[in-house]
Amino acid sequence: MRKRRKILTVSTAVVAAVTLPLLMSPVVSAAGREDDDESSRAARLYVPPPDRESYRQVARLAWRGDFRDSAGLLAMVRTPQAIWYGDETPEQVERLVRRTTLSAAWQGKLPVLTLYNVPGRDCGSYSSGGANGIAAYEAWIDAVADGIGDRQALIVLEPDSLALLPSDCTAAADPDPSGQTDQTDPAAQNDQNDQTGQNDQADQNDQTGQADQPGQADQTGQAAADEPPAAGEQPAELPPLPDAHASTAPPTGSAAPGTAQEAAQLANPQPTAPQPTGPQPTDPPSTDPQAPGQQSTSPQTPAPDPSASQSPAPEPSAAQPSTLPELPPLPKPDPVTPDPDGATGASDPTDVTDTPEVEDPETAARYSEINYAVDVLTALGHTAVYLDAGHAGWHSVSSIVPRLIKAGIDRATGFALNVSHYQTDQDSAWYGRLISSCLAYADEGGDPEDCADQRWSKRHARRWLRAHAPGDSSRMKHFVTDTSRNGRGPWIPRLGAHVDAEPWCNPPERGLGRRPTTHTGDPLLDAALWVKTPGESDGRCLRGTDGPLDPERGTVNPEAGEWFPEQALELVRYAEPAVGVIRRTTGPRH
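For the sequence shown, our numbering begins at 20 and goes up steadily by one.
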């Protein structure tokens, strides 16, 4: 009897795994045919073979009678998404890429390939690894190119490689002198302020006919700045000196980095509210990723953080008056790149300023590696190559644009945003437009430091765009965005809930975003893609603890890249737009 029951159980699971794709074909077709519904000009994107663990989860759900979740999960894994390559030998990656591109070409579809093998990737964090030096990486890229051959491919090149340079890794590892870190993602908080209308006073003035008052652009940030510091915490600013003629520009507050993309983004500056006389671009704090990295994105016991985007911001110099000998002089800025906001300070305590980029040997090698990959892959003739540009909650426009230029953006197709992170489509589209406009401005000889920034009020940014952005989108670099997990936007953890919240790492209750398509309605946005494989873990997510449990979820998360059943179900259940499991008819039947 026991043997017969075991045979019945196994047979049912096998039948469910085999027949569900057939039974749910209308649902899968509806989920994966968005391009055909929107426009015949949209490219048909390739659907890679799903993870075996995903089909096992589909079968388990069906065996329990949970057909709705089973069908939704099946629709998710059979939606077009990117195939990631990294850690394979040159021989292995050539064979795998050739197999994928041949399969896509036979089906008449466009494959999306994510290359993730740059040396020193992710600053040695959850997704550490990569090739062993420049020569090994170049050989690996050559093998990828041989695997593609003359077939079509869309390539997302090395997520986090530019938003998270090797020079940023050192900044991530620097401990906070006060022993405290920011418990929330400032970028995500600013996004929330934008949604509630608290962060764009200039736009409200436009609608009411009032004079523009940029000093009110971030009232919430000003209120936070007025609060006294917590016990044991150093104040963000020195009190004003009595001498009105003394040069005492106040230093901006600096949030200490945590781990992964969160620390990377906190180590990066956020711009202050712009003045009507000219731009004041600075670098935002993740995603992720976030800051890729994710953000990110995205990244107390401070741990070495792989995602810190830049070294800690230097504070502007100020000559101290002789009447106050007891006050120590303020630190002087790095002579290579002076602080662009030193004269005005910051309106929000989480704002930090752009820091000079130190060209260490590892960072110089990173630029060389990306340039080599751009040259080899674009020479194939039928590939579109997009470089990493982080996400809207990470770097400022004036910070990421010089990195893109050094990496060879002029020879690439464009750049990729929000990879493996959670920024909204609206924020990504606006950030992408500003980056593209700044690249065109710099190409004409302009200084990226003068470009409009994503933290400016929309009124001031649009004024800059009218004055400096090309009117023809064909003269500007295009971009793609990752919408695989951004249906509900970034996760904002509870204040003080974790030592290091890591909001980019397997955040709870996130949902699938916009379905992949190459017909976006935006002349600069080439495609909305599922770059990060939905359902795969970001890593263990210890959030500043010794582990092994994720304190937010109370479970041990799978290693980065492994299937995460709980998160996969969350993505389906919280998807926006929702994943339909019942196909509706277009009209009444007769």
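Note that beta-carbon positions come from the ideal geometry of N, C-alpha and C, so glycine has one too.
The DSSP-derived three-state label of Phe434 is strand. Annotation: the continuous beta strand (DSSP E) that includes Ile102 extends over Ile102 to Tyr104.
Non-local C-beta neighbours of Phe498 in its own chain, meaning closer than 8 Å and more than five positions away in sequence, comprise Tyr405, Ala408, Gly433, Phe434, Ala435, Leu436, Gly451, Ile454, Ser455, Leu543, Leu544 and Asp545, ordered along the chain. Within the DSSP secondary-structure output, Arg140 pairs in a beta bridge with Gly148. Within the same chain, Asp141 come within 6 Å of Ser147 by CB-CB distance, once the 5 residues on both sides are set aside. Straight across, the Cα-Cα distance linking Asp379 with Thr397 is about 27 Å. Fewer than three beta-carbon pairs drawn from the region 486-503 and the region 386-396 are found closer than 8 Å, and the two stretches are therefore not classed as touching. Judged by DSSP in its simplified three-state form, Trp582 adopts strand. A contact is defined here as three or more CB-CB pairs under 8 Å, and the region 437-451 meets this definition with respect to the region 494-509. The continuous beta strand (DSSP E) containing Ile174 extends over residues Ala172 to Leu176. Non-local beta-carbon contacts of Ala579 in its own chain, meaning distances under 7 Å to residues more than five positions away in sequence, involve Tyr145, Ser146, Ser556, Asp557 and Gly558 in chain order. Between the C-alpha atoms of Tyr74 and Arg474 there is a straight-line separation of about 43 Å. Sequence-distant partners of Asp169 (beyond 5 residues in either direction) whose C-beta falls short of 8 Å from its own C-beta, in its chain, are Leu399, Gly400 and His401. Uninterrupted alpha helix (DSSP H) stretches at least 4 residues long and entirely within the region 452-536 occur at 477-487, given in chain order.
Listed in chain order, the non-local C-beta contacts of Ala480 below 6 Å within the same chain comprise Ala471, local neighbours out to five positions each way being set aside. For Tyr405, no alpha helix (DSSP H) encloses it; the enclosing beta strand (DSSP E) starts and ends at Thr402 to Asp407. Looking at the backbone, the Cα of Pro535 and that of Thr500 are separated by about 10 Å. Within its own chain, the residues whose Cβ lies closer than 7 Å to the Cβ of Pro467, once the five positions on either side in sequence are excluded, are Ser417, Val420, Pro421, Cys457 and Ala461, listed in chain order.
Per DSSP, the beta bridge partners of Glu555 are Trp582.
Spanning the alpha carbons of Gly84 and Tyr593 requires a straight line of approximately 20 Å. Residue burial is scored here from C-beta neighbours: Gly149 has at least 16 other C-beta atoms within 10 angstroms and is therefore classed as buried. Per DSSP, Ala546 is not a residue of any alpha helix (DSSP H); the beta strand (DSSP E) it occupies stretches across Leu544 to Leu548. Its chain contains Gly139, Asp379, Glu381, Thr382 and Arg385 as the residues whose beta carbon lies nearer than 7 Å to that of Pro185, once the 5 sequence neighbours on both sides are disregarded; these appear in chain order. Within its own chain, the residues whose Cβ lies closer than 8 Å to the Cβ of Pro596, once the five positions on either side in sequence are excluded, are Gly506, Arg533 and Arg534, listed in chain order. If you draw a 10 Å sphere on the C-beta of Ala516, you find fewer than 16 other C-beta atoms in it, and that means exposed. Leu64 has Leu129 as its beta-bridge partners, per DSSP. Looking at the DSSP output, Thr574 shares a beta bridge with Asp569. Counting every other CB atom within 10 Å of its CB across the protein chains shown gives Arg504 a total of 16 or more, marking it as buried. A Cβ-Cβ separation of about 6 Å places Glu388 in contact with Ile153 under the 8 Å criterion. Between the region 122-139 and the region 97-112 there are three or more inter-stretch CB-CB distances shorter than 8 Å, so the stretches are counted as touching. About 20 Å separates the beta carbons of Gln111 and Tyr65, which is beyond the 8 Å limit, so they are not a contact pair.
For Glu157, the enclosing alpha helix (DSSP H) has its first and last residue at Ile153 to Ile167.
Here Leu134 is bridged, per DSSP, to Tyr104 and Leu176. Ala123 and Arg114 have their alpha carbons spaced roughly 14 Å apart. Just measuring C-alpha positions, the residue of Lys128, Asp165 and Thr502 sitting nearest Ser447 is Thr502. Uninterrupted beta strand (DSSP E) stretches at least 3 residues long and entirely within the region 75-105 occur at 102-104, given in chain order.
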